[in-house]
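Notes follow once the structure below has been shown.
Protein chains: 2
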Amino acid sequence: SSASHHMDLQVQGRRRLKDFPYVSAPHRDLMVELVSTVETRLDPHLLPCTLPPDVQYYQNPTNTAHASLHIRSGHKSSPIDFILGSWLHCELPSGGALNITSLSANLNPSTDAPNFLLELIQSSPTSLILILDLPPRKDLVLHPDYLRTFYEDTQLERQRQLLEKIPEVRPYFSSSLYIRCVVSPTAILVRIESEAGGGRRMEEIVQDHVHPIAKEVLGIWLDRCASGESSVGETERAALEKRDQLVKNKTIEIDLGSSMPRLFGPEITDRVLGAIQEVFNS
Amino acid sequence: SSASHHMDLQVQGRRRLKDFPYVSAPHRDLMVELVSTVETRLDPHLLPCTLPPDVQYYQNPTNTAHASLHIRSGHKSSPIDFILGSWLHCELPSGGALNITSLSANLNPSTDAPNFLLELIQSSPTSLILILDLPPRKDLVLHPDYLRTFYEDTQLERQRQLLEKIPEVRPYFSSSLYIRCVVSPTAILVRIESEAGGGRRMEEIVQDHVHPIAKEVLGIWLDRCASGESSVGETERAALEKRDQLVKNKTIEIDLGSSMPRLFGPEITDRVLGAIQEVFNS
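If you read the sequences in order, they're chains A and B.
So for the first sequence, the numbering used here puts the first residue at 1; every next one is plus one.
So for the second sequence, the numbering used here puts the first residue at 1001; every next one is plus one.
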């Protein structure tokens, strides 16, 4: 039947996301564990992914770029707006490959608690950019109590400092000033370069340091933010809704708007961006 | 007369500030040039410093800590709230000394343009923390146009990158998460360590790199922000006023609240903080 065919494609899309087929074993283990943890913990809140199959998995005409995208919206009655998992693999003219994997989780305006964001950008076996944060949903300068609750009391800074101690780790500055503004003061924004130790050393760093730290930060988000305890009144809700929408639009524009057309051409870009915007605005 | 006595003390206080007596020649040259530039450019807008003489210069009972503070408020009709210059010298139990010099300039709510902030914290001849920024006065996440006008179009990021290239320069993370929130995405927050090259190398870095960059950033602030061109309406003005006040109070609390009593004892601390608060709330 059409319904069971649709379900097969959904399962297929999900399997494809969780395959993370082009990255190292420790990188894949990290992504699979985090995606599984989020889906298990938030399962009662989540609707199935409704993206068309050719958005859940897509590739460019020359077959040098492949990507998978998975978005599950939250039930109207839940504090979850959506969770988004993705991977992208792209052969580079230099002979190497670019691999990006991401997991993000956004809450809806019934709560003002921070979102969750993880992104790993690997441009070679010995070079990795890691973005790991609970991006705030209010101006922290105006709301020191919010800063205390979600960033000081949760001791997120300890996780950032743990990673900072690894000799291969350097701070990373996004070329987008807007992205720098969107993250929290405890954001982990680092570039890891393991040239001396090679790809093996990078896998070790991901397994022994990045993985436990990402797991801990996700745990803090699930326990303190995703519960939806921090509820908001009607007037604040409107401001929150406006800010959330602005951040979503600007982030898509910056993240995908520039690189997607270059990697996948205009047709696929329009299809994928259109499908994302449909979910975000529904 | 009492008036001329008062004037003598003012001149004396001003000379004391501009003496910057405990720091290296390049460090002093930098501070003197910046303070002079601000006072010359903004002179028509500025009232004389009205701080009591024992706040313009003070020391602790054991004579191991000395400090100078100079605040000039802006005319009611000007866009200037105040400019603040200071230095602090404190002998350390280890035998060395801590020297902090600062220059900040805050605008009033007739304009929403960014403020100016410069702080040099030298804990040894070979170790310097530099904070140089135009702290924004609005939530940059909610106001991408403001980000574009004052941070992208002014190319402040180029100044940050110039300094980042010096091998002795490392990013600096303030232990206060609130301070991390208050600064802009192009803030220069660095720790300079010149152990290998000694104090001479540090003086060279301050003269050849920190000085021209600080001068350039101050120039951008004077040309693009201090003119007061970016005027605001009545409703926005109230929000701006609230935010400015909050930042001023939190910054004093963090900057001075903890270290002042330790260095100067409770009596001097109360006197100095009281005098600062009187200027800030007038």
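For every residue, glycine included, the Cβ atom is placed at its ideal position computed from N, Cα and C.
First and last residue of the uninterrupted beta strand (DSSP E) at residue i
| i | result |
| --- | --- |
| Val1190 of chain B | Ile1188 to Glu1193 |
| Cys1090 of chain B | Ile1080 to Glu1091 |
| Glu119 of chain A | Phe116 to Ser124 |
| Pro1167 of chain B | No beta strand (DSSP E) holds Pro1167 of chain B; DSSP gives it neither H nor E. |
| His1153 of chain B | The question names His, but residue 1153 of chain B in the sequence shown is Asp. Note, Asp1153 of chain B: premise wrong, no beta strand (DSSP E); not H, not E. |
| Ser68 of chain A | Ala65 to Ser73 |
| Glu1102 of chain B | Looking at the sequence itself, residue 1102 of chain B is Ser, so the reference to Glu does not match. Note, Ser1102 of chain B: beta strand (DSSP E), Ala1097 to Leu1107. |
| Asp1133 of chain B | Ser1127 to Asp1133 |
Test: residue i CB closer than 8 Å to a CB of chain A
| i | result |
| --- | --- |
| Cys1181 of chain B | yes |
| Val1217 of chain B | no |
| Glu1195 of chain B | no |
| Tyr1151 of chain B | yes |
| Lys1248 of chain B | no |
| Arg1243 of chain B | yes |
| Tyr1146 of chain B | no |
| Leu1177 of chain B | yes |
| Asp1019 of chain B | no |
| Asp1292 of chain B | The structure shown has nothing for residue 1292 of chain B, since chain B only spans 1001 to 1282. |
| Leu1130 of chain B | no |
| Pro1171 of chain B | yes |
Unbroken alpha helix (DSSP H) run spanning residue i, endpoints
| i | result |
| --- | --- |
| Leu1046 of chain B | Run containing Leu1046 of chain B: none; DSSP gives neither H nor E here. |
| Leu1142 of chain B | Careful: Leu1142 of chain B lies outside any alpha helix (DSSP H) and carries neither H nor E. |
| Gln59 of chain A | Element bounds for Gln59 of chain A: not the alpha helix (DSSP H) but the beta strand (DSSP E), Tyr57 to Gln59. |
| Pro1269 of chain B | The question names Pro, yet the displayed sequence has Thr at residue 1269 of chain B. Ser1259 to Phe1280 is the span of the alpha helix (DSSP H), which, as asked, contains Thr1269 of chain B. |
Whole-angstrom distance between residue j and residue i, CA atom to CA atom
| i | j | result |
| --- | --- | --- |
| Glu91 of chain A | Gln56 of chain A | 20 Å |
| Gly74 of chain A | Gln1277 of chain B | 48 Å |
| Val1169 of chain B | Glu229 of chain A | 43 Å |
| Thr111 of chain A | Pro1135 of chain B | 29 Å |
| Ser36 of chain A | Pro26 of chain A | 15 Å |
| Asn106 of chain A | Phe280 of chain A | 10 Å |
| Thr1050 of chain B | Ala1275 of chain B | 9 Å |
| Gln155 of chain A | Ala239 of chain A | 28 Å |
| Ser24 of chain A | Asp1029 of chain B | 54 Å |
| Leu1120 of chain B | Ile1213 of chain B | 13 Å |
| Cys1225 of chain B | Pro1114 of chain B | 6 Å |
| Gly198 of chain A | Asp270 of chain A | 38 Å |
| Leu128 of chain A | Ile1268 of chain B | 51 Å |
| Lys165 of chain A | Val38 of chain A | 28 Å |
| Asn60 of chain A | Val182 of chain A | 31 Å |
| Ile283 of chain A | Leu256 of chain A | Since the displayed chain A opens at 1 and closes at 282, residue 283 of chain A lies outside it and no answer follows. |
| Val1032 of chain B | Arg191 of chain A | 38 Å |
| Val1217 of chain B | Thr62 of chain A | 47 Å |
| Arg1243 of chain B | Lys138 of chain A | 13 Å |
| Asp19 of chain A | Leu69 of chain A | 12 Å |
| Val1206 of chain B | Arg1016 of chain B | 22 Å |
| Asp1043 of chain B | Ser1123 of chain B | 33 Å |
| Leu1142 of chain B | Tyr1172 of chain B | 26 Å |
Whole-angstrom C-beta distance between residue j and residue i, which should lie under 8 Å
| i | j | result |
| --- | --- | --- |
| Thr126 of chain A | Met202 of chain A | 6 Å |
| Pro109 of chain A | Glu241 of chain A | 4 Å |
| Met1260 of chain B | Val1247 of chain B | Not really, about 19 Å apart at Cβ, beyond 8 Å. |
| Ile188 of chain A | Leu147 of chain A | In fact, because the Cβ distance is near 17 Å, the residues do not count as touching under 8 Å. |
| Ala67 of chain A | Ser86 of chain A | 7 Å |
| Pro76 of chain A | Tyr178 of chain A | Residue identity check: residue 76 of chain A is Lys in the sequence provided, not Pro. That pair is no contact at about 30 Å. |
| Ile80 of chain A | His45 of chain A | 5 Å |
| Trp104 of chain A | Leu117 of chain A | The question names Trp, but residue 104 of chain A in the sequence shown is Ser. The pair is a contact, with the Cβ atoms about 5 Å apart (cut-off 8 Å). |
| His209 of chain A | Leu163 of chain A | 6 Å |
Residue-level contact to chain B via CB, residue i, 8 Å cutoff
| i | result |
| --- | --- |
| Glu157 of chain A | yes |
| Ile276 of chain A | no |
| Thr293 of chain A | Residue numbering for chain A in the displayed model covers 1 to 282; residue 293 of chain A lies beyond these limits and cannot be assessed. |
| Asp29 of chain A | no |
| Leu273 of chain A | no |
| Val279 of chain A | no |
| Pro167 of chain A | no |
| Gly265 of chain A | no |
| Leu142 of chain A | yes |
| Pro109 of chain A | no |
Closer than 8 Å to chain C by CB, residue i
| i | result |
| --- | --- |
| Val1232 of chain B | The structure shown contains no chain C; its protein chains are A and B. |
- Tell me the start and end of each unbroken alpha helix (DSSP H) in the region 1173-1242 of chain B that is at least 4 residues and wholly inside, in chain order. List check, alpha helix (DSSP H) in window: 1177-1182, 1198-1205 and 1211-1224.
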